[in-house]
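Trainee: What follows is a single structure, and I will ask about it in a moment.
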Amino acid sequence: MTTEERRLHRLARIRRRKELGPIPNRHPMTDLSNMTKEEKRLRINKMQRERGYKRGRKPGPLEGQRAAKTNRSNMTDEEKRIHRNILAMRRYHNGGQEKQLEAGRQWRKKAPEKKKALDRKGRLKQKYNLTIDDYKAMQTAQENRCGICQSTEKSSPRFKLWCVDHDEETGRIRGLLCHNCNAGIGLFKHNIERLEQAIQYLRSFPLKGE
Ligand SMILES: [Zn+2]
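Under this note's numbering, the first residue of the sequence shown is numbered -12, with each subsequent residue one higher.
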């Protein structure tokens, strides 16, 4: 719109307003024109209270949540739990998700070794209910050797941890093994009879040079 157009537009608007008289308020509830000063003040206060204003201040976006937070004293534990979950969910979907993901990404980038150590810790805990200290104690007790072949290598330098050999049925932990020995007894289903049969079988063939 050019300056001239804008001027004409403004003039047209003024002319229209003169023809129509003053613009009426949209709703009689908000029409304060015929009130005394005191009536106006009371009406405005009432409207603001209804809209959640406090001391003439507009409620912020979190005001409702804060109010709910203070009411938690009347909740049962289960209701409190649900309420906490709702708040967490709201935070999560209100941009918290991306924030969390980004923080995780930054942390992993900054400390990849820490991340790996933590993964290891989680795996030990989840699979065998072992802490890192338990694992280290076992390692020391076995003098950092495989429980079967006594090797100090874990079969390959890419393995950072010994295999935790455990009874599949009872979950009892037997000891630490190198990855080859662990795979070996695993393929024999941890079955002593079958392993003995394997030994017998191997014994039935004379060794080279005998
Ligand atoms: Zn071994």
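Where a beta carbon is used, it is the ideal one built from N, C-alpha and C, also for glycine.
Would you say the beta carbon of Ser142 is closer than 8 Å to some non-hydrogen atom of ligand 1?
Mentor: Indeed, a heavy atom of ligand 1 lies less than 8 Å from the Cβ.
Trainee: Looking only at its chain, what residues have a beta carbon closer than 7 Å to the beta carbon of Gly171, apart from the 5 residues adjacent to it on each side?
Mentor: None.
Trainee: What does a CB cutoff of less than 7 Å around Leu19 pick up in its chain, not counting 5 residues either side in sequence?
Mentor: If we look at Leu19 and ignore the five residues flanking it on each side, its Cβ neighbours are Lys27, Arg30.
Trainee: Are the Cβ atoms of Leu117 and Val151 separated by less than 9 Å?
Mentor: Yes, the pair counts as a contact, with Cβ atoms nearer than the cut-off.
Trainee: DSSP three-state call for Leu(-5): helix, strand or coil?
Mentor: Helix, per DSSP.
Trainee: For His153, does the three-state DSSP call read helix, strand or coil?
Mentor: Three-state DSSP puts His153 in a strand.
Trainee: Arg59 lies in the alpha helix (DSSP H); which residues open and close that run?
Mentor: Where Arg59 is concerned, there is no enclosing alpha helix (DSSP H), given that its DSSP letter is neither H nor E.
Trainee: Taking the DSSP output, what are the residues bridged to Gly162?
Mentor: Gly162 is bridged to Asp152.
Trainee: Using a Cβ-based criterion (distance less than 8 Å to any ligand heavy atom), does Asn131 qualify as near ligand 1?
Mentor: No, Cβ of Asn131 sits at least 8 Å from all heavy atoms of ligand 1.
Trainee: Ligand 1 heavy atoms versus the CB of Gln126: any closer than 8 Å?
Mentor: Answer for Gln126: no, Cβ out of range of ligand 1.
Trainee: Which two residues bound the contiguous alpha helix (DSSP H) that contains Arg110?
Mentor: From DSSP, the alpha helix (DSSP H) with Arg110 extends over 99 to 115.
Trainee: Do three or more CB pairs link the segment 147 to 167 to the segment 187 to 196 at distances below 8 Å?
Mentor: No, because fewer than three Cβ pairs between the segment 147 to 167 and the segment 187 to 196 fall closer than 8 Å, the two stretches do not touch.
Trainee: In whole angstroms, give me the CA-to-CA distance for Ala55 and Leu74.
Mentor: Low per-residue confidence applies at Ala55: pLDDT is 49, beneath 50, and the placement is therefore not dependable, though the value from the model is reported in the following sentence. Taking the straight line joining both Cα atoms gives about 10 Å.
Trainee: Label Tyr79 either buried or exposed according to how many other C-beta atoms from any shown protein chain fall within 10 Å of its C-beta, with 16 as the threshold for buried.
Mentor: Exposed, since its Cβ has fewer than 16 Cβ neighbours within 10 Å.
Trainee: Got a sec: does ligand 3 put a non-hydrogen atom nearer than 8 Å to the Cβ of Leu164?
Mentor: Inclusion of ligand 3 in the displayed structure is not the case, the ligand content consisting of ligand 1 alone.
Trainee: Might you give, ordered along the chain, the residues of its own chain that have their beta carbon closer than 7 Å to the beta carbon of Lys141, omitting 5 neighbours on each side?
Mentor: So the qualifying residues of the chain are Trp149, Cys165, His166.
Trainee: Verify the contact flag: Asn203, CB atom, against every heavy atom of ligand 1, threshold strictly below 8 Å.
Mentor: Because the chain is modelled from -12 through 197, residue 203 falls outside the range shown and cannot be assessed.
Trainee: How many whole angstroms separate the CB atoms of Lys102 and Arg95, which I take to be in contact at a CB cut-off of 8 Å?
Mentor: So it is a contact: roughly 5 Å between Cβ atoms.
Trainee: Using 8 Å for Cβ pairs, my map puts Arg77 next to Lys67. What's the rounded Cβ distance?
Mentor: Not really, about 16 Å apart at Cβ, beyond 8 Å.
Trainee: Expressed to the nearest angstrom, what Euclidean distance is found between the alpha-carbon atoms of Glu(-9) and Leu(-2)?
Mentor: Going from the Cα of Glu(-9) to the Cα of Leu(-2) covers about 11 Å.
Trainee: Return the first residue and the last residue of the alpha helix (DSSP H) that Asp120 is part of.
Mentor: Start and end: 119 to 128.
Trainee: Taking 9 Å as the CB-CB limit, is Arg190 close to chain B?
Mentor: Here chain B cannot be found, since the structure has a single protein chain.
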